[in-house]
Amino acid sequence: MAKAHRNLVRGYAEQLRLFGTPWTRFGLLAMLLVFLVLPTVVQDDFWLSVLIYVGITAVGAIGLNLLTGYCGQISLGHAFFIGAGAYVTARVGGDLGLPLPLWLLAAAAVGAALGGLIGPFTLRLRGHYLAIVTLGLIFIGEHLWRNLTGLTGGNSGTSVTAGATIGPVDFGALTIAGESYSRNQGYFWLVWGLVGIVALLAKNLVRTRPGRALQAIRDRDQAAEVIGVRAGRYKIGAFMISSAIAAMAGALFGSYQQFVSPDEWNLLLSIQYIAIVIVGGLGTIFGSVLGAIFVGALPALIDRYSDAIPGVRTSVGGEGFISVFALNQAIFGLLIVLFLVLEPLGLAGIWLRVKNYFKAWPFSY
Amino acid sequence: MITFLQNCFAGLALGSTYALVALGFVVIYKSTGVINFAQGGLLALGAYLGYTFAENLAMAFALAVVLCCASAALVGAGFERLVLRRMVGQPPFAVIMITIGLLFVLEPLITAIWGFRNKQVPNPWNIRTVEVGGLVFGVRDLWTIGLTAAVVLAFFLFFRYSSLGLAMRATAFDPEAALAQGISARKVYAVSWAIAAALAALAGITMAAGPGGLSPSIGFIALAAFPAMILGGLDSPAGAVLGGLIIGLAEALTRGYQQHLAGWAGDNVSVIVPYLLMIVILLIRPYGLLGTKEVRRL
Chain A
16 MAKAHRNLVR GYAEQLRLFG TPWTRFGLLA MLLVFLVLPT VVQDDFWLSV LIYVGITAVG
76 AIGLNLLTGY CGQISLGHAF FIGAGAYVTA RVGGDLGLPL PLWLLAAAAV GAALGGLIGP
136 FTLRLRGHYL AIVTLGLIFI GEHLWRNLTG LTGGNSGTSV TAGATIGPVD FGALTIAGES
196 YSRNQGYFWL VWGLVGIVAL LAKNLVRTRP GRALQAIRDR DQAAEVIGVR AGRYKIGAFM
256 ISSAIAAMAG ALFGSYQQFV SPDEWNLLLS IQYIAIVIVG GLGTIFGSVL GAIFVGALPA
316 LIDRYSDAIP GVRTSVGGEG FISVFALNQA IFGLLIVLFL VLEPLGLAGI WLRVKNYFKA
376 WPFSY
Chain B
54 MITFLQNCFA GLALGSTYAL VALGFVVIYK STGVINFAQG GLLALGAYLG YTFAENLAMA
114 FALAVVLCCA SAALVGAGFE RLVLRRMVGQ PPFAVIMITI GLLFVLEPLI TAIWGFRNKQ
174 VPNPWNIRTV EVGGLVFGVR DLWTIGLTAA VVLAFFLFFR YSSLGLAMRA TAFDPEAALA
234 QGISARKVYA VSWAIAAALA ALAGITMAAG PGGLSPSIGF IALAAFPAMI LGGLDSPAGA
294 VLGGLIIGLA EALTRGYQQH LAGWAGDNVS VIVPYLLMIV ILLIRPYGLL GTKEVRRL
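Chains as they are written, first to last, in my numbering: chain A, 16 to 380; chain B, 54 to 351.
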């Protein structure tokens, strides 16, 4: 009997395989190689820091995509959970001096608990109502961050001294076989390693029974309930997981930046994450990472090359009609509108179409 | 007692602005099922256009108000025509995000055109006040309340008695049945966006003509009008007005008394009171005070 074609799927189990075809295995190997080698090739601190921020953003975006892309719950409050994670790290990792795995878990636990508090609302409210409640979360959070001075340092912010050590390995000052690496290089490996772990966990989550339940709820929650999915339980669960991952992203953010202030957890941050999820592709884990690379790097790049972009004002009283901040905001807005109108599946959708074209090669049309 | 009444008056003036904005949300939601997050942008746009008409072009204030409402209405209808029309039938998430995207494009555009500096909008009432039995009323605030009351009344009469209002109610109730009766859903959608934008512009210009003047953050008030709309119920115009007044009163009273009664809560609690109030109400009545309860048939 002839061997089946490499692209032929002959059963449900094969459809669900994580790394089914040789090409995906090859792609994965290539990505792993890039991950290992990149920091030794690109040693420029600016580019490494951009990549680190992109990685942190990718972690948070995977969390939001689980909630919004897979479970269909709208949340404008993602920035609130990210902020909470950063402050937990400042206290647990910095003041108590606990190592990385512990402060990361502590942030995730607090994030999950806070996400669980939203639970009662997700049970009773849907769609528009939920969007506005989570919008309120941003403002209430901002009030808390500014007034709980013991925890957050108030308006002037707080420094985060949480170290990035796992056992004997310190990612802040990495030494492998006599070779020492800079803090940025170490953080690159740490952050993108975590991106890989979180992506793998998320990918596995959505393949399993709970993951399919989430998607059933997204598509039509009443029908899901009729066929026996406990919609309420899964909605709360999705919120908890999403906010736990968001808090982990916040923890990494605080630990890398070493200083956080309440101005950072605003509506713009939430919208940035939503833009990432939409641009990358709703309901795809790979898309969240793609979107984070595409959208997450934008602010830093605009800031860096603002001199070269015509019409952008680099200083308060300078020339030009639009500030860097305003340009960022406008670009997020435009990206959201354009992608939703023209390419609702996002970058992942484009990727899928290209892939499908070559799958049927040479009979593609 | 005097301070209490004074605070209540301030709350009513603030609440009527909220009511105008919330009414705009409800008009769009009722006819198209979309919550328009760009309302704040339209509000700011209206206020700045009003400033241009009244200050740069030196028009009479009343004329400037009419013109800025009309031009904001055009922009609102333009949004509907260019972007929202393509989104008919898409999930609510996508549509909400589209309007947020529009807001995020509109805001930088406004600061790019008019700059960040504070502006004073010339208005016929200036800072005159009337005193009645020890109470001091700002003439401008009285006008805001009066204007709101007039607009709300006109709004309800329009919906009740005009054929276009009837068409809008029919479309909101059942778009397909309305289409089958020869009602142009496109016209209805465009008109509701235009009305909402005009209401926002009116709220914007009345706010900008106040003592605070006009600054890019003026659109922020629309975010505080969300709780007003949710509180009243998404699809109830009367609820929007009621919610606006309740939120306005709560905010003004908190500003007046919180420092003495609950200083531990920190500064500026009044800013988040609308959201706290909204959350408490939603836990008791998920569809607001006057909103239609969603029926879930199984």
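Cβ atoms here follow ideal geometry from the backbone N, Cα and C, with glycine treated the same way.
- Within the region 162-195 of chain B, those residues whose Cβ lies closer than 9 angstroms to any Cβ of chain A are, in chain order, 162, 164, 165, 166, 168 and 169.
- Residue 79 (chain A) and residue 258 (chain A) have their C-alpha atoms some 8 angstroms from each other.
- Less than 7 angstroms divides the Cβ of residue 343 (chain B) from the Cβ of residue 291 (chain B).
- Taking the CA atoms as reference points, residue 293 (chain A) sits about 20 angstroms from residue 144 (chain A).
- For residue 139 (chain B), the closest Cβ of chain A is nearer than 7 angstroms.
- C-alpha of residue 97 (chain A) to C-alpha of residue 280 (chain A): approximately 7 angstroms in a straight line.
- For the pair residue 82 (chain B) and residue 327 (chain A), the Cα-to-Cα distance works out to about 37 angstroms.
- The Cβ-Cβ distance between residue 288 (chain B) and residue 345 (chain B) falls below 7 angstroms.
- A Cβ-Cβ distance of about 5 angstroms is found for the pair residue 241 (chain B) and residue 221 (chain B), placing them in contact under the 8 angstroms criterion.
- The CB of residue 310 (chain B) never comes closer than 8 angstroms to any CB in chain A; the least such distance is about 17 angstroms.
- Here the region 252-267 of chain A makes contact with the region 124-140 of chain A; the two share three or more CB pairs at distances below 8 angstroms.
- For a Cβ distance threshold of 8 angstroms, residue set 82, 88, 145, 149 and 287 of chain B lies close to residue 143 (chain A), ordered along the chain.
- Residue 171 (chain B) has its alpha-carbon roughly 13 angstroms from the corresponding atom of residue 97 (chain B).
- Cβ proximity to chain A below 9 angstroms picks out 327, 328, 329, 331, 332, 335, 336, 339 and 340 from the region 327-340 of chain B.
- The three-state secondary structure of residue 172 (chain B), taken from DSSP, is strand.
- In the structure shown, residue 294 (chain A) adopts helical secondary structure according to DSSP, grouped into three states.
- For residue 110 (chain A), the secondary structure class from DSSP, reduced to helix, strand or coil, is helix.
- Residue 279 (chain A) has no beta-bridge partner at all, per DSSP.
- DSSP places residue 103 (chain A) within a helical segment (H, G or I) once states are collapsed to three.
- Residue 57 (chain A) carries a coil assignment under DSSP once its states are collapsed to helix, strand and coil.
- The C-alpha of residue 61 (chain A) lies about 35 angstroms from the C-alpha of residue 268 (chain B).
- Secondary structure of residue 88 (chain B) (DSSP, three-state): coil.
- With fewer than 16 other beta carbons inside 10 angstroms of its own, residue 39 (chain A) counts as exposed.
- Flagged as an interface residue toward chain B: residue 162 (chain A), by a C-beta distance shorter than 7 angstroms.
- Closest in C-alpha terms to residue 201 (chain B), from the list B:338, B:144 and B:251, comes B:251.
- Around the beta carbon of residue 58 (chain A), fewer than 16 other beta carbons sit within 10 angstroms, so the residue counts as exposed.
- Around residue 107 (chain A), the same chain offers 113, 118 and 121 as residues with beta carbons nearer than 6 angstroms, after the five sequence neighbours per side are excluded.
- Contact annotation for residue 158 (chain A) against chain B: 319, 321, 322, 324 and 325 [CB-CB distance below 8 angstroms, chain order].
- Residues of chain A with a Cβ closer than 8 angstroms to the Cβ of residue 155 (chain B) are, in chain order, 348 and 352.
- When the alpha-carbon of residue 259 (chain B) is set against those of B:308, B:181 and B:198, the nearest one is in B:198.
- Among the residues facing chain A, residue 271 (chain B) is not included, as its CB has no counterpart in that chain under 7 angstroms away.
- The residue among A:141, A:100 and A:184 with its C-alpha nearest the C-alpha of residue 340 (chain B) is A:141.
- Runs of the alpha helix (DSSP H) spanning 4 or more residues and lying entirely within the region 277-316 of chain B occur at 290-314, in chain order.
- In the DSSP assignment, residue 361 (chain A) falls outside any beta strand (DSSP E) and within the unbroken alpha helix (DSSP H) covering 361-374.
- Per the coordinates, the alpha-carbon of residue 244 (chain A) lies some 49 angstroms from the alpha-carbon of residue 309 (chain B).
- In the pairwise beta carbon analysis, the region 355-363 of chain A is classified as touching the region 303-317 of chain A: at least three pairs are separated by under 8 angstroms.
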